[in-house]
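For the sequence shown, my numbering begins at 1 and goes up steadily by one.
For each residue, glycine too, the CB sits at the ideal point set by N, CA and C.
Have a look at the structure below before the remarks.
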Amino acid sequence: MKTDVVLIGSGIMSSTLGAMLKSLKPDLEIQLFEVADEPAQEASKGWNNAGTGHAGICELSYTPEMEADGTVDVSKAISVFEEFEYSLQFWAWGARNGLLKSTRDYINPVPHISLVHTREQIPYLQARFDGLKAHHFFAPMEHSTDRDTIRSWAPLLVEGRDEDQPVAATRMMGGTDVNFGEISRNYCEWLDAQPDCATHFGTRVVDLNRSGKGWRVTVRDEQSGERRDVEAGFVFIGAGGGSLPLLQKSGIPEARGYGGFPIGGQWMITDNPEVVEKHTAKVYGQALGAAPTMAVPHLDTRIIDGKKYLLFGPYAAWTGKFLHVGGSHLDLPTSIRPHNIASLMQVGIHNLDLVKYLVEQGLQSKDKRMKELYNFYPAAREEDWKVIDAGIRVQAIKKVPGEAPGIVHYGTEVLTSADRTISALLGASPGASISTKVMLECIQRCLPGLLESPESQARMKEMIPNWDEDLKAAENRGRYEELHTAAQSALQLV
Ligand SMILES: Cc1cc2nc3c(=O)[nH]c(=O)nc-3n(C[C@H](O)[C@H](O)[C@H](O)COP(=O)(O)OP(=O)(O)OC[C@H]3O[C@@H](n4cnc5c(N)ncnc54)[C@H](O)[C@@H]3O)c2cc1C
1 MKTDVVLIGS GIMSSTLGAM LKSLKPDLEI QLFEVADEPA QEASKGWNNA GTGHAGICEL
61 SYTPEMEADG TVDVSKAISV FEEFEYSLQF WAWGARNGLL KSTRDYINPV PHISLVHTRE
121 QIPYLQARFD GLKAHHFFAP MEHSTDRDTI RSWAPLLVEG RDEDQPVAAT RMMGGTDVNF
181 GEISRNYCEW LDAQPDCATH FGTRVVDLNR SGKGWRVTVR DEQSGERRDV EAGFVFIGAG
241 GGSLPLLQKS GIPEARGYGG FPIGGQWMIT DNPEVVEKHT AKVYGQALGA APTMAVPHLD
301 TRIIDGKKYL LFGPYAAWTG KFLHVGGSHL DLPTSIRPHN IASLMQVGIH NLDLVKYLVE
361 QGLQSKDKRM KELYNFYPAA REEDWKVIDA GIRVQAIKKV PGEAPGIVHY GTEVLTSADR
421 TISALLGASP GASISTKVML ECIQRCLPGL LESPESQARM KEMIPNWDED LKAAENRGRY
481 EELHTAAQSA LQLV
């Protein structure tokens with residue numbers, strides 16, 4: 001088989017790239033291969049992530065510290081908001097043009113709240129609020145230290161809380177709960193129905209070799225064991241936890257030195273209607289102790305398959321697996337190569353607190369887990385909550401010049417070969433929320449020819465109207481409001 005593009009994986013990254021490429025150039029031939037029998041069964045699946053449309057509104061990890069002058073640097077939160085806007089715009093276009101079906105299945109309006117509950121954190125939240133409120137993205141944000149006001153926003157945060165304990169919160173309407181698995185499923189179905197395109201489930205990519213100016217991708221049918229080769233001009237490895245082993249198979253020099261460090265996760269969830277109906281918000285707090293930034297606790301409304309739940313967590317856990325479906329405890333040891341063994345060992349040595357934290361978290365009793373929940377919902381009852389598995393994040397580990405070796409970087413890395421014929425996504429943060437921006441950048445870097453003509457640029461302008469605009473600039477406030485309102489309306493978020 002010969003094709004223009006091979007996409008590996010059917011999560012939010014590969015499926016977004018497929019939808020974007022085919023919409024941009026309708027005569028492109030695209031083949032998508034997924035080892036699972038259904039789309040998006042790993043990190044992008046509804047229950048495997050928190051479904052927060054990360055827009056920098058409530059996540060205190062993007063604005064971690066107060067400066068000596070009492071201000072908080074909010075630039076990262078502003079960037080994340082703008083990156084998420086790319087997704088909102090592309091989803092809105094997808095909703096208007098039949099790529100995405102029923103909006104309520106994949107996106108729902110849920111206010112985003114930040115909560116602090118210690119005397120030391122109160123001035124920090126005020127300074128963060130002052131910094132954010134000054135920017136037009138965050139103009140609708142509210143701040144309060146008044147219990148009654150916070151109770152009216154989210155009663156569970158105040159119910160049963162010690163009267164002497166100070167609380168402060170910010171709230172912004174316009175936050176979202178997103179089912180990234182549903183978006184991936186919609187994109188895969190749409191792509192499969194397009195001419196010269198197909199999605200292949202139950203099909204594992206087992207090898208990647210250079211062939212002519214492109215790649216020979218070897219795939220194996222998981223049922224019959226039959227193998228076949230596919231020749232492609234461009235390959236995108238969007239295999240989530242499976243990306244690192246495939247990158248290593250490709251042998252591109254850019255992958256040298258990279259290692260993967262898996263962090264498992266768990267949630268506590270409840271579907272007790274009495275509890276669930278009292279809370280409609282995503283409430284984020286601050287990271288505790290050695291908790292990695294992605295393990296910052298939050299109490300979230302989730303809407304999955306039309307049903308509302310509350311989710312709390314994540315609780316991190318030690319694992320050697322890179323994937324849930326078809327992953328193995330040997331994933332971590334077999335990813336070790338002479339060129340990455342030093343980085344991996346240094347991670348263990350230099351991040352002992354993190355390793356200890358992961359092991360402890362995994363062994364935690366339900367009692368201990370409830371204690372963390374009481375920080376958010378002091379009157380929670382243990383019998384309402386059950387523990388479920390969340391997705392696995394495989395953190396990309398690399399040596400950064402000038403930094404102590406072994407520092408774990410939690411960013412999302414897109415690795416591309418020098419000849420731009422293969423690209424892979426490693427890491428998972430901020431993740432699914434910024435998939436549109438990340439995939440647009442992948443097209444700009446690897447397939448710039450697709451955006452050269454005035455016609456294709458105009459097409460991209462229809463798909464992502466802000467793709468060549470700076471919506472965060474003060475002078476573009478009006479334009480931002482116009483585009484944002486239109487997207488909210490198309491996605492029925494108003
Ligand atoms: C606990 C947790 C909470 C999170 N919360 C959020 C959140 O609130 N908001 C947010 O924006 N992001 C969140 N994320 C991050 C987000 O889930 C990920 O960034 C995103 O889903 C990654 O998508 P992906 O397409 O790269 O990978 P995946 O969704 O993992 O998809 C990879 C696919 O590739 C397939 N695959 C693997 N190997 C092969 C192979 N050899 N051949 C064929 N197919 C293969 C897999 O089966 C899988 O379907 C969270 C992640 C975790 C783990």
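query	result
Three-state secondary structure (DSSP) of Ile183	helix
Inter-residue Cα distance where the pair is Gln165 and His112	22 Å
Between the CA atoms of Pro253 and Asn179 - distance to the nearest angstrom	36 Å
Opening and closing residue of the alpha helix (DSSP H) in which Ala19 lies	Ile12 to Leu24
Spatial distance of Asp105 from Ala68 (CA atoms)	45 Å
Extent of the continuous alpha helix (DSSP H) to which Asp177 belongs	No alpha helix (DSSP H) holds Asp177; the beta strand (DSSP E) holding it covers Thr176 to Val178.
Identity of the residue in Asp419, Arg96, Gly53 and Thr3 nearest Gly84 by Cα	Residue identity check: residue 84 is Phe in the sequence provided, not Gly. Minimum Cα distance to Phe84 is reached at Gly53.
Three-state class that DSSP yields for Cys58 in the structure shown	coil
Contact the segment 86-94 vs the segment 458-465: 3+ CB pairs below 8 Å	yes
6 Å Cβ shell around Lys271 - same chain, five flanking residues per side excluded	Here residue 271 turns out to be Asp, not Lys, going by the sequence shown. Cβ neighbours of Asp271 beyond the five flanking positions: Tyr309.
Helix, strand or coil at Ala432 according to DSSP, with G and I counted as helix	helix
Where Trp91 falls: helix, strand or coil (DSSP)	helix
Ser417 versus Ser453: straight-line alpha-carbon distance, rounded	25 Å
Element boundaries [alpha helix (DSSP H), containing Ile388]	Element bounds for Ile388: not the alpha helix (DSSP H) but the beta strand (DSSP E), Lys386 to Asp389.
Residue closest to Leu24, alpha-carbon to alpha-carbon, out of Gln286, Leu447, Leu471 and Tyr480	Leu447
Proximity winner among Lys356, Thr16 and Ala168, relative to Arg151 (alpha-carbon distances)	Ala168
Counted within 10 angstroms of its Cβ, other Cβ atoms place Ile12 as buried (16 or more) or exposed	buried
Where the alpha helix (DSSP H) through Trp505 begins and ends	Residue 505 lies beyond the stretch modelled for the chain, which goes from 1 to 494, so this question has no answer here.
Residue of Val414, Gln395, Ile263 and Gly306 minimising C-alpha distance to Val359	Ile263
Contact belief for Asp130 with Arg302 at Cβ below 8 Å, rounded distance in angstroms	Actually they do not touch by this definition, with Cβ atoms about 31 Å apart.
Sequence-distant residues of its chain with Cβ nearer than 7 Å to Gln364 (five each side left out)	Tyr315
Reduced DSSP secondary structure (H/G/I, E/B, other) of Met172	strand
Buried versus exposed, by CB contacts within 10 Å (16 or more), Gly98	exposed
7 Å Cβ shell around Met460 - same chain, five flanking residues per side excluded	Leu24, Leu451 and Trp467
Whole-angstrom distance between His135 and Leu115, CA atom to CA atom	20 Å
Option in Gln248, Phe312 and Ala77 with minimal Cα separation from Gly51	Phe312
Collapsed DSSP secondary structure at Trp190 in the structure displayed	helix
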